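Residue numbers (the numbering used here): 19 to 517.
Reading through the structure tokens given below for one structure.
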Ligand code: NAP
Ligand code: MG
């Protein structure tokens with residue numbers, strides 16, 4: 019692997035932040051874990067320890083939930099106007115933007131992603147998310163309802179939309195800051211209070227965000243941040259009897275555990291889970307755009323994207339051209355440490371992910387798939403994998419059926435565009451899909467047939483705070499973003515008065 023000629027140095031603020039002993043944010047105070055334990059977060063470009071972080075567990079989660087409950091029921095937050103809440107949220111968005119470079123560097127160090135990607139995508143999208151939901155704080159409304167069976171003027175009936183209460187939020191490592199923003203912002207807009215558990219691999223940007231939440235002036239206990247392991251801190255949060263709602267993003271497997279844990283007090287549950295998203299290229303597509311789009315659909319963020327276009331279906335007449343094109347795109351991708359200014363793709367997040375992705379590559383190749391690009395690890399330091407294109411696959415293979423969560427795409431030809439929806443839908447997942455064609459009739463007809471929460475036409479991975487995102491089938495329950503997510507953080511109360 020080529021190393022950087024001129025790797026930019028880490029900002030002083032970032033290195034001093036990383037070097038801190040990181041604590042838990044509970045009730046506005048940075049506190050050690052009750053057990054006194056810490057865990058390490060690693061730099062995936064080197065495999066070395068990056069930072070040490072207090073390891074939250076059941077007792078810490080319990081303290082955090084108590085703080086969130088007090089803040090929700092009686093604290094200053096419970097008396098704040100929606101407009102004041104919105105102002106704090108806007109300020110938080112401004113602070114995230116002010117420290118954009120710091121956040122981008124932290125994210126690149128902790129997660130591995132190219133610094134330029136964190137600068138252009140993760141951090142600005144997170145700042146925008148706080149601003150978008152700052153606007154919603156003053157726009158959460160009920161309705162007045164004319165009763166169908168009563169004469170006019172006999173009753174006044176209306177609905178109130180009230181915050182659901184204390185919410186537990188559990189997030190993954192692929193977009194650590196952005197996933198924190200996706201969770202925290204709508205909950206704050208609704209007036210909820212929060213206990214957030216970041217992923218063990220990438221706790222740092224959530225902790226820095228915690229500092230800015232304090233700087234912005236949110237009252238104590240409104241947002242509590244408790245890093246720790248999923249099986250301990252995460253499980254305790256999902257099962258906690260005084261948590262009113264749990265919002266989770268991660269694997270479908272853990273999503274099912276969250277559901278079981280939530281059954282104890284029947285807390286509300288929303289789940290944003292895995293995917294194996296089809297990306298369909300028709301013969302009449304603008305091929306340059308389709309090839310570049312199909313490559314970025316799978317290779318963006320090292321392929322560690324829940325909606326990655328990991329099953330590429332190509333109409334027969336264009337199969338060779340598209341496979342050749344995307345393989346060339348894959349070969350061009352410079353796989354280097356995220357701090358290298360020439361890095362297009364960083365390492366995978368962890369040794370576990372490296373082993374998982376390499377395991378899938380071995381299984382696919384052993385079963386007869388052929389790699390037209392990539393197919394193996396890069397070097398032996400850090401967790402780098404070559405962007406990989408697999409052909410000669412069949413729909414029984416694990417590489418076609420299971421979420422790999424790495425830079426690996428399978429390419430399959432098809433002959434009849436009328437049948438492609440069946441193949442596209444042949445998965446337990448339904449998170450996203452892509453369609454590449456110049457024919458608007460074909461595009462919208464296929465979009466209607468695909469069972470997925472998002473369908474991109476002649477584009478991929480376009481995200482906006484205003485656009486709902488979430489899964490059909492085993493890709494999840496509910497939607498993030500847009501006004502739809504506010505449903506998860508509010509309860510509806512019907513009030514009916516006899517006049
Ligand atoms: P994961 O285990 O589902 O982790 C997601 C979050 O859930 C993390 O904060 C994790 O904590 C926590 N968690 C784990 N077990 C838990 C439990 N029993 N109760 C409560 N919370 C728990 O995902 P992963 O292990 O990081 O990655 C495995 C696979 O999941 C990936 O290869 C990929 O297929 C998929 N994934 C999907 C997404 C997505 O956006 N849909 C994101 C990440 C991963 P700790 O990690 O700190 O233990
Ligand atoms: Mg890390």
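A virtual CB, placed ideally from N, CA and C, is assigned to each residue, including glycine.
This structure is a prediction, so every number in the text was calculated from the model and none was measured.
Close-in-space but distant-in-sequence residues of the same chain around residue i (CB under 6 Å, 5 per side omitted)
{"i": "residue 155", "result": "100, 103, 104, 207"}
{"i": "residue 308", "result": "299, 454"}
{"i": "residue 178", "result": "160, 511"}
{"i": "residue 162", "result": "176"}
{"i": "residue 109", "result": "234"}
{"i": "residue 268", "result": "190"}
{"i": "residue 506", "result": "288, 496"}
{"i": "residue 513", "result": "176"}
{"i": "residue 418", "result": "411, 428"}
Residue i in three-state terms, based on DSSP
{"i": "residue 318", "result": "helix"}
{"i": "residue 276", "result": "helix"}
{"i": "residue 392", "result": "coil"}
{"i": "residue 514", "result": "strand"}
{"i": "residue 296", "result": "strand"}
{"i": "residue 61", "result": "strand"}
{"i": "residue 70", "result": "strand"}
{"i": "residue 401", "result": "coil"}
{"i": "residue 359", "result": "coil"}
{"i": "residue 205", "result": "helix"}
{"i": "residue 467", "result": "helix"}
{"i": "residue 126", "result": "helix"}
{"i": "residue 19", "result": "Low local confidence applies: a pLDDT of 41 at residue 19 is under 50, so the model's placement there is unreliable, and no value is given."}
{"i": "residue 148", "result": "helix"}
{"i": "residue 157", "result": "coil"}
{"i": "residue 200", "result": "helix"}
{"i": "residue 507", "result": "helix"}
{"i": "residue 139", "result": "helix"}
{"i": "residue 108", "result": "helix"}
{"i": "residue 163", "result": "coil"}
{"i": "residue 185", "result": "strand"}
{"i": "residue 263", "result": "strand"}
{"i": "residue 84", "result": "helix"}
{"i": "residue 242", "result": "strand"}
Short Cβ contact (8 Å threshold) for residue i with residue j
{"i": "residue 86", "j": "residue 182", "result": "no"}
{"i": "residue 40", "j": "residue 237", "result": "no"}
{"i": "residue 469", "j": "residue 448", "result": "yes"}
{"i": "residue 231", "j": "residue 214", "result": "no"}
{"i": "residue 411", "j": "residue 430", "result": "yes"}
{"i": "residue 144", "j": "residue 189", "result": "no"}
{"i": "residue 29", "j": "residue 120", "result": "yes"}
{"i": "residue 451", "j": "residue 174", "result": "no"}
{"i": "residue 367", "j": "residue 219", "result": "yes"}
{"i": "residue 365", "j": "residue 26", "result": "no"}
{"i": "residue 242", "j": "residue 44", "result": "yes"}
{"i": "residue 93", "j": "residue 244", "result": "no"}
{"i": "residue 404", "j": "residue 394", "result": "yes"}
{"i": "residue 193", "j": "residue 140", "result": "yes"}
{"i": "residue 391", "j": "residue 375", "result": "no"}
{"i": "residue 409", "j": "residue 402", "result": "no"}
{"i": "residue 227", "j": "residue 195", "result": "yes"}
{"i": "residue 489", "j": "residue 291", "result": "yes"}
{"i": "residue 347", "j": "residue 310", "result": "yes"}
Sequence-distant residues of its chain with Cβ nearer than 7 Å to residue i (five each side left out)
{"i": "residue 280", "result": "256, 264, 287"}
{"i": "residue 316", "result": "326, 327, 328, 425, 427"}
{"i": "residue 465", "result": "453, 473, 475"}
{"i": "residue 88", "result": "239"}
{"i": "residue 362", "result": "132, 351, 352"}
{"i": "residue 503", "result": "204, 497"}
{"i": "residue 37", "result": "none"}
{"i": "residue 55", "result": "73"}
{"i": "residue 283", "result": "259"}
{"i": "residue 336", "result": "299, 301, 305"}
Nearest-angstrom beta carbon gap, residue j and residue i [assumed within contact, 8 Å]
{"i": "residue 487", "j": "residue 471", "result": "6 Å"}
{"i": "residue 200", "j": "residue 129", "result": "With 8 Å as the limit, residue 200 and residue 129 do not qualify as a contact, their Cβ atoms being about 16 Å apart."}
{"i": "residue 50", "j": "residue 72", "result": "5 Å"}
{"i": "residue 171", "j": "residue 517", "result": "6 Å"}
{"i": "residue 378", "j": "residue 344", "result": "Not confirmed; about 18 Å, so no contact."}
{"i": "residue 186", "j": "residue 261", "result": "4 Å"}
{"i": "residue 81", "j": "residue 254", "result": "Between residue 254 and residue 81 the Cβ distance is about 11 Å, and since that is not below 8 Å, they are no contact."}
Own chain, CB closer than 8 Å to residue i, minus 5 neighbours either side, in chain order
{"i": "residue 441", "result": "296, 331, 413, 430, 432"}
{"i": "residue 439", "result": "464, 467, 468"}
{"i": "residue 65", "result": "369, 399, 400, 401"}
{"i": "residue 420", "result": "294, 378"}
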